[in-house]
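The structure appears right after this line, and notes come after that.
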Amino acid sequence: MSRILLITSSPRAESYSTRVARALAQKLSEKPGSSVVLRDLTREPLPHIDDTFAVARSVPADHLTASQKAALRLSDDLLKELNAADTLIIAAGMINFGIPSTLKAYLDYILRPGVAFRYTEKGPEGLVKGKKAYLVLARGGNYSAAPTQAFNFQDPYLRAALGLIGISDVEVIVVEGVAFGPAAAENALSAALRQVAALAA
291 MSRILLITSS PRAESYSTRV ARALAQKLSE KPGSSVVLRD LTREPLPHID
341 DTFAVARSVP ADHLTASQKA ALRLSDDLLK ELNAADTLII AAGMINFGIP
391 STLKAYLDYI LRPGVAFRYT EKGPEGLVKG KKAYLVLARG GNYSAAPTQA
441 FNFQDPYLRA ALGLIGISDV EVIVVEGVAF GPAAAENALS AALRQVAALA
491 A
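Quick note: the sequence shown, position 164, residue 454 per my numbering, numbers continuous.
Here it is, written out as structure tokens:
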């Protein structure tokens, strides 16, 4: 049985990243026993973390106050959902060279020391292991090569964040250059969907 967690974050309901990520989730879920859980961060955005959460995330579990436990409850639920998945699909459009703020808020909840990762003498160790991740990223321009590659804070940041918690098996699907006209957008979308078909085969 394979559980797929699909996270969408683009502010556009029918964005390129969302369309391709849905296609990937559908392909992967065709295997017997597979299921998909959708977390739509645009339709159901998470509140930004606050002072209570920021303090509570570093307090040992047996020292948490009632209010601190309440502040961590959403994070606990999100991590339970993530840990239950075998495969993670994250869809994100590029917003000002980075990821949507809705997705950043999600990561702020799951990157928890002592729960999602821990510090050791050799450095941080991820505790969310044994998962495959797919990043489906859309960009108006071309940011895969110089000189604009230096402005790409999308997949480098997501790889680093996922790597911190132990998810290092990451495939990237990019829909790039969609702002250069209908033909360019269609070509980019078709190329991404061909990559989806190859990955899911």
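Ideal Cβ positions, reconstructed from N, Cα and C, are used throughout, including at glycine.
**OP:** Given a cut-off of 8 Å, decide if Gly467 and Asn442 are closer than it, judged by their beta-carbon atoms.
**Re:** no
**OP:** Classify Arg402 as buried or exposed, calling it buried when 16 or more other Cβ atoms lie within 10 Å of its own Cβ.
**Re:** buried
Subject >> DSSP beta-bridge partners of Thr298 >> reply: Asp330, Ala381
**OP:** Apply the 10 Å Cβ neighbour rule to Thr438 and answer buried if 16 or more other Cβ atoms are within range, or exposed otherwise.
**Re:** exposed
Original post:
For Ile463, which three-state DSSP category applies?
Top reply: strand
Original post:
So does the stretch 369 to 385 actually touch the stretch 302 to 321, counting three or more Cβ pairs closer than 8 Å?
Top reply: yes
**OP:** Pull up the distance between the alpha-carbon of Tyr306 and that of Thr355, whole angstroms please.
**Re:** 44 Å
Subject >> Neighbourhood of Val460 by C-beta, 7 Å cutoff - its chain only, sequence neighbours within 5 removed >> reply: Ala423, Leu425, Arg449, Leu452
Subject >> Sub-8 Å separation of Arg293 and Gly383 beta-carbons >> reply: no
Original post:
Are Leu295 and Ala361 close, meaning C-beta to C-beta below 8 Å?
Top reply: no
**OP:** Go to Arg402, then tell me how far its beta strand (DSSP E) extends in each direction, as first and last residue.
**Re:** Neither: Arg402 is in no beta strand (DSSP E) and is coded neither H nor E.
**OP:** Report the rounded CA-to-CA distance for Val465 versus Ser391, giving the unit in angstroms.
**Re:** 20 Å
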